[in-house]
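For the record, the sequence lines run as chains A and B.
Read left to right, the first sequence gives residues 158 to 413 (our numbering).
Read left to right, the second sequence gives residues 21 to 240 (our numbering).
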Amino acid sequence: MNDSATPMAMGPEPQEPAVSRLTRDDHARRRFLKMVGSGGAGAFALLAAAYGSTSAAAAPPPASSKSATAAAGGDLAIVNYALTLEYVEAEFYAKAIDSGIFKNTRFAKYSDVLKRFGHQENEHVVALKHVAKTLGTPAAKPTTDFSKVFAKGPAAVAGLAANVENLGAAAYLGQAPRIHSREILAAALSIHTVEARHAAALNLVVGNGITGKAAAHKAGGKPPAKYFGILPTGAFADPDTMATVLALAGQFIVKS
Amino acid sequence: MATKTELTDPELAGVEIDGVTRGAFILRGALAASAIYGTSTVGPFVSSALAAGDGGDVAILNFALTLEYLESAFYKKALGLHLSSETRQFAQTFGDDETQHVAALQKAIQSLGGKPGAKPTFSFPITDEKSFLTLAQKLEDTGVEAYNGAGPKIKSKKILAAAGSIVQIEGRHAAIIRILNGAFPAPHTFDRTANAAQVAARIAPLIKGQPPHSPPRFTG
């Protein structure tokens, strides 16, 4: 929403750079807080009913009970994979905010935005955990360690935020065609584009191209491939495989 | 035209799908949208493709194509306005993306043996940067909702992958436009969906020759 007191500059005068506008949005903040406070129970009960019930209405009719079991098993693996990634993202945001690493840096003004992104990832965790429970056992919350990146300083942490979101978007895109349940696919798609929105915003913050191209490595002091290497370029986003994503995200998961 | 398999599931028929603000109901909306998404309301610009094609994925892609024609034309018009250099850069880039989406969708439709719909003539009520960015936000968010609504109905995994690759970019566009508007880039924790009827109603005022408040046309 535009702040009506400072209308968008229309002439040749220099305009507040786009990325700064990310930090001011009181109306949306109030709406956001209202939304984040809402529970997720309603839809997930519906989803659980759709997947687990004998009602023919919402559940996809399986060809045989064996194929239905296999389909559910495959979907559980995908949901747990997504859940793991969301845990990693949520943990990362929480640690970044708690660390105060952005204080007195050019990233300080984005603290609120990062908090809100973190809240959204928390909601994704809740949602995916619920979906996983309808299918079987949800993945456990991983123990994460981002200390190596934090040691490199605020620019590296900000760069990692962008990379994590770009990776998450690529991960969802990679799995969409593999999901059997139409309902779970709908859920995945609704999260996929939110990760994309986060990614684009963070790309802007750290100075990547809007699709994450090129300058990403400057932020972390390392080329993107060192972290993730999946930065969509141009008009079409690139998917990534479960194996590659887990190998990259796994750098931050402490093996128990 | 709506086929029996695409008609509203009776149990989901009553589900409200617009005006929701809770993350919970977005998924419910996705269920409803995927159940009632049909090709019944797409209007003249898709009907020729429907006549030739199999309905199904071709119809979905043709509807997406209409949106991409619209977005491509919209950004092209925007470049004729007085824009800041930063906004102009985004308008140029996003317009190029939409033009590539047009080409990709046309190719995909042809690969399925369908006929890509013709490009409509559009009319965009934008006169300056502010009006451009305001409408851009609506259009990009609509694009995300349309693709996400259609996704679960797509039969071909390959087509779904292609649609996913496009919608992710629309999500990125939407986020940047929102930032340019001083708005939060991800207003919903779970992005919403819209069905063909809803999208058609939203874009009808921008299509020349389509009366702005006419009810969606049923083609079969």
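From the three backbone atoms N, C-alpha and C, an ideal C-beta is built for every residue, glycine too.
Quick caveat: nothing in here was measured; it's all calculated off a predicted structure.
Interface flag, residue i vs chain B, CB-CB below 8 Å
i	result
A/Gln408	no
A/Phe264	no
A/Leu330	yes
A/Phe307	no
A/Ser347	yes
A/Leu179	yes
A/Gly257	no
A/Leu242	no
A/Val351	yes
A/Pro299	no
A/Phe393	yes
A/Glu322	no
A/Glu248	no
A/Val363	no
A/Leu342	yes
Beta carbon of residue i nearer than 8 Å to that of residue j
i	j	result
A/His281	A/Glu248	no
B/Leu90	B/Leu200	no
A/Phe259	A/Pro174	no
B/Asp77	B/Leu125	no
A/Ser268	A/Phe307	no
B/Pro18	B/Ala220	The structure shown does not extend to residue 18 of chain B, since chain B is modelled only from 21 to 240, so the question has no answer here.
A/Phe393	B/Ile189	yes
B/Gly202	A/Arg178	yes
B/Glu149	B/Arg212	no
A/Phe264	A/Phe409	no
A/Ala333	A/Ala345	yes
B/Pro136	B/Leu85	yes
B/Asn168	A/Ser338	no
Below-8 Å beta-carbon distance, residue i vs any chain A residue
i	result
B/Asn215	no
B/Ala181	yes
B/Ile227	no
B/Lys127	no
B/Leu200	yes
B/Gly171	yes
B/Phe4	The first residue shown for chain B is 21 and the last is 240, placing residue 4 of chain B beyond what the model contains.
B/Asp77	no
B/Gly115	no
B/Lys97	no
B/Phe83	no
Closest Cα partner of residue i within the set the options
i	options	result
A/Ala319	A/Lys266, A/Ser268, A/Asn365 and A/Leu405	A/Asn365
A/Val411	A/Leu285, A/Thr241, A/Ile235 and A/Asn237	A/Thr241
B/Pro145	B/Lys139, B/Gly137, B/Lys135 and B/Leu159	B/Leu159
A/Ala328	A/Asp232, A/Glu246, A/Met399 and A/Asn237	A/Met399
B/Ser143	B/Ser176, B/Lys135, B/Ile174 and B/Lys97	B/Lys97
B/Ala182	A/Gly331, A/Leu317 and A/Gly325	A/Gly331
A/Leu359	A/Thr262, A/Ile341, A/Val236 and A/Gly316	A/Gly316
B/Lys139	B/Pro207, B/Ser151, B/Ser92 and B/Gln130	B/Ser92
B/Gln120	B/Ala79, B/Lys175 and B/Glu88	B/Glu88
A/Ala262	A/Ala225, A/Ala227 and A/Ala313	With the sequence shown as reference, residue 262 of chain A is identified as Thr, and Ala is not the correct amino acid for it. Ranking A/Ala225, A/Ala227 and A/Ala313 by Cα distance to A/Thr262 puts A/Ala313 first.
A/Ala356	B/Ala111, B/Gly191 and B/Pro172	B/Gly191
Classification of residue i by the beta-carbon crowding that lies within 10 angstroms, buried from 16 upward
i	result
A/Thr291	buried
A/Val288	buried
B/Ala69	The predicted position of B/Ala69 is uncertain, since its pLDDT is 35 and thus under 50; a value taken from the coordinates is nonetheless stated next. It counts as buried.
B/Lys228	exposed
B/Ser289	Absent from the model: residue 289 of chain B. The displayed extent of chain B is 21 to 240, so no value can be given.
B/Ser104	buried
A/Ala253	buried
A/Thr294	exposed
A/Gly407	exposed
B/Gly100	exposed
A/Arg354	buried
A/Ala404	exposed
A/Gly230	exposed
B/Thr147	exposed
B/Gln109	exposed
B/His102	exposed
is_contact[residue i, chain D] using C-beta, thresh 8 Å
i	result
A/Pro295	Looking for chain D here will not work: the only protein chains present are A and B.
Any non-hydrogen atom of the ligand GDP closer than 7 Å to residue i Cβ
i	result
A/Pro311	Inclusion of the ligand GDP in the displayed structure is not the case, the ligand content being empty and no account of it being possible.
Which residue spans inside the stretch 258 to 312 of chain A form an unbroken alpha helix (DSSP H) run of at least 4?
268 to 292 and 304 to 307
Just list the beta strand (DSSP E) runs in the stretch 178 to 209 of chain B, keeping only unbroken ones of 3 residues or longer that don't cross its boundaries, in chain order.
none
Please list the segments of the alpha helix (DSSP H) lying wholly inside the stretch 124 to 188 of chain B, counting only runs of 4 or more residues, in order along the chain.
149 to 170
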